[in-house]
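See below for the structure under consideration.
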Amino acid sequence: MANKLRTRGHRVVLNRSAGGDTGITIMLTIMGLFMFLPMYYVVIQSLKPLDELFMFPPKFIVMRPTLENFGDLFTLMGDSWVPFSRYIFNTVFITICGTIGNLIFASMAAYSLAKLRFPGRKAIFQIIVMSLMFHSTVNQVTHFIILSAFGWIDTYLSIIVPSMATTIGLYLMKQFMETSVPDTVLESARLDGASEFRTYLTIAMPMVKPAWLTLIIECFKNLWNSGSSIYIHSEELKTFNYAIQQILTGGIARSGAGAAATVVMMLVPILVFVLNQSQIIETMGSSGMKD
Amino acid sequence: MSQTNAEINRPVKRSEVSKLRWTWEEMKNNKTAYFMLAPFFLLFIIFTILPVFLSMILSLTDFNMLEMPSFKGITNYTRLFLEDDIFLLACQNTLIFAAITGPVSYLLSLLIAWFINELPPKIRAVVTLIFYAPSISGQVYLIWKTLFSSDSYGWVNATLIDLGVISEPILWFENADYVMPLCIVVALWTSLGTAFLSFIAGFQTIDRSMYEAAAVDGIKNRWQELWYITLPTMRPQLMFGAVLAITNSFGFGAVVDALCGFPSVDYAAHTIMHHLNDYGGQRYEVGYASAIAVVLFVIMFASNIIIKKALSKVGE
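For the record, the sequence lines run as chains A and B. According to the numbering used here, the first sequence is numbered sequentially starting from 6. According to the numbering used here, the second sequence is numbered sequentially starting from 10.
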């Protein structure tokens, strides 16, 4: 075996065949195009002037790009009886409240589960892991009953409060705290007389900033992308995504404005992700589930 | 103060007292821990655990949200499996849908994460974004409806006509033969999410020296490397990814709704989730809907357990 081993400098050259490299590059390119082209097409559609939208056959390029569609968004929704800005406000409001709530509640719980030893912690964490195993929509009907018992149907609360108890962010943060916050640091803070809450806030939390960002994007993407909900009837409480669907029912003439709205919506989470990508990947390094 | 110093501060030694008493003392010593957990856990119980148990109870009753529920035993379940043909169709569709999207999105996430692992960091960041973006971009999947539109603005029909493959546009989303495969493709397109990122991170945490040692030990190619070194090291990530992939594979109802409308043509893309919405959200047969929810719940849970068992065999 040893005689077949190649080295360069002092490093062992890993077994990589040229054929394998080429194959992988081709596969990646094909799959990358499959992922990328629809996204690209949305952007192109949003930049097309009306006559190009009506062109047959539809083209994957835009000849005279224009921002008219983005302006149309406002005039189009200007004549609806709920002002366009209200839909944007709703989405932003729900997203910010829910995400902040989730960050505070989940990080406190994560600290407690990761760093404090108390009876029941294993069982509680097990239950939380189990909740990752089913999709929340399965609960929809009984969820509705509980929300109406609180009198929260048709209020912001019906979306915001349940989202504060989303488990995926808690799970990721707890796992990350376990690996990246050393017990000795917490111990010395306690010896200095810091209360447990203070230790969490001033020692542990600053050490897990990557996990905050991950929790934020996990919670953010769900709330930001939430469309029409069975818990909300009033037009003035509905989200921007719902408004986009309404625009798109207008057919091809509105597809430019619809695409413009979609672009606006998708830019925000993408931007959040791009700015935080390396920290999010860092957090995911500890995301593993022990069996 | 009280937690890890508990050894010193604890008034009684474990051996001196009964287990119950000891637990109680420990709980008192850790009051802060419970306080910090409480806000999250309370909401979690109310909005996640309680609905599950409520479904189980209501599934044994007849309930229309207005009158008090009346106990009906297992009649809801017998009606589901013996009389409701559309439910059986929904079960079949759900299982086909999940059996394809779950494993395929899982393998795609894993393969792509593996492929891009050895790219230079900057390029890797861009490629990661390209694959991850559809899963965070919300309703951007509606563009597939435009691409496959049946009128002259649908790019796919236009191209196929141009190439002479077809002579008349195909009504993609109104044709029972195409609805399901199309929904699966779109679902897959949006499915490279959190699990994908977890895999990317998993590949990066593996030390290069392990591969070098493996090369010395006679690992011949990258496939052997993947099977004998990489995957066993990444097993915790593989578990996490599997759980998310399974959960998501049952949760694509919104995608199907947006693409095919509800109900879909000939119920061709009708899943258990749709059936649940139909009875729970529109007909207010809450007892019956709860029975549907319980069946779906059991299916999700069972598939998670089976897959976790299977994954513990990786690399053996």
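Using N, Cα and C, we set each Cβ at its ideal position, and we do this for glycine too. Quick caveat, the model's predicted, so the values are computed rather than measured.
Asked: DSSP beta-bridge partners of residue 71/B; Found: 79/B
Asked: Cβ pair count under 8 Å reaching 3, the stretch 40-58 of chain B against the stretch 252-271 of chain B; Found: no
Asked: Three-pair Cβ contact test at 8 Å for the stretch 176-183 of chain A versus the stretch 289-297 of chain B; Found: no
Asked: Segment contact flag, the stretch 246-255 of chain A with the stretch 265-273 of chain A, C-beta cutoff 8 Å, min 3 pairs; Found: yes
Asked: Local Cβ density within 10 Å of residue 201/A, reported as buried at 16 or more and exposed below that; Found: buried
Asked: Under 7 Å (Cβ pairs) to chain A, residues found in the stretch 306-325 of chain B; Found: 306, 309, 310, 313, 317 and 321
Asked: Per-residue contacts from residue 35/B into chain A (C-beta, under 7 Å); Found: 123 and 124
Asked: Any C-beta of chain A under 8 Å from that of residue 156/B; Found: yes
Asked: Contacts that residue 114/A makes with chain B (C-beta to C-beta distance below 9 Å); Found: 45, 46, 47, 48, 49, 50 and 53
Asked: Contacting residues, own chain, Cβ-Cβ under 7 Å from residue 229/A (five flanking each side not counted); Found: 96, 100, 273 and 274
Asked: The stretch 205-224 of chain B in contact with the stretch 223-238 of chain A per 3-pair CB rule at 8 Å; Found: no
Asked: Nearest neighbour of residue 288/A, chosen from 189/A, 173/A and 88/A [CA to CA]; Found: 173/A
Asked: Proximity to residue 137/B [Cα-Cα], best of 293/A, 37/A, 89/A and 31/A; Found: 37/A
Asked: Environment of residue 25/A [buried if 16+ CB atoms lie within 10 Å]; Found: exposed
Asked: Beta-carbon separation (whole angstroms), residue 107/A vs residue 182/A, contact threshold 8 Å; Found: Actually they do not touch by this definition, with Cβ atoms about 16 Å apart.
Asked: C-alpha distance - residue 190/B paired with residue 222/A, whole-angstrom precision; Found: 30 Å
Asked: Rounded C-alpha distance that separates residue 79/B from residue 85/B; Found: 12 Å
Asked: Nonlocal neighbours in the same chain, by C-beta distance under 7 Å from residue 140/B, ignoring five residues either side; Found: 121, 201 and 205
Asked: Contact check, residue 130/A vs residue 118/A, beta carbons under 8 Å; Found: yes
Asked: Counted within 10 angstroms of its Cβ, other Cβ atoms place residue 77/A as buried (16 or more) or exposed; Found: buried
Asked: Three-way DSSP call (helix, strand, coil) for residue 12/B in this model; Found: With a pLDDT of only 47 at residue 12/B, under 50, the local geometry of the prediction cannot be trusted, and the value read off the model is given with reservation. The answer is coil: DSSP assigns residue 12/B none of H, G, I, E or B.
Asked: 8 Å Cβ cutoff, residue 149/B in contact with chain A; Found: yes
Asked: Opening and closing residue of the alpha helix (DSSP H) in which residue 250/A lies; Found: 245-253
Asked: Within chain B, partners of residue 21/A - CB distance below 9 Å; Found: 127, 230 and 231
Asked: Residue 134/A, DSSP secondary structure in three states; Found: helix
Asked: Outcome for residue 53/A when other beta-carbon atoms lying within 10 angstroms are tallied against a minimum of 16; Found: buried
Asked: Proximity winner among 100/B, 130/B, 322/B and 107/B, relative to residue 237/B (alpha-carbon distances); Found: 322/B
Asked: Any alpha helix (DSSP H) of 4 or more consecutive residues that is wholly inside the stretch 105-166 of chain A; Found: 126-136 and 145-155
Asked: Cβ-based neighbour list, residue 37/B, same chain, cut-off 6 Å, excluding 5 preceding and 5 following; Found: none
Asked: Helix, strand or coil at residue 195/A [DSSP, three-state]; Found: helix
Asked: Contact with chain A by residue 26/B, beta-carbon distance below 8 Å; Found: no
Asked: Candidates 271/B, 124/B and 255/B: closest to residue 305/B by CA position; Found: 255/B
Asked: Closer than 8 Å to chain A by CB, residue 39/B; Found: yes
Asked: Rounded straight-line distance, which links the Cα of residue 246/B to that of residue 413/B; Found: Because chain B spans 10 through 325 in this model, residue 413/B falls outside it and cannot be assessed.
Asked: CB contact check: residue 8/A to chain B, cutoff 8 Å; Found: Since pLDDT at residue 8/A reaches only 45, below the 50 mark, its modelled position is unreliable, and the value read off the structure follows with that caveat. It does not; no Cβ of chain B falls within 8 Å.
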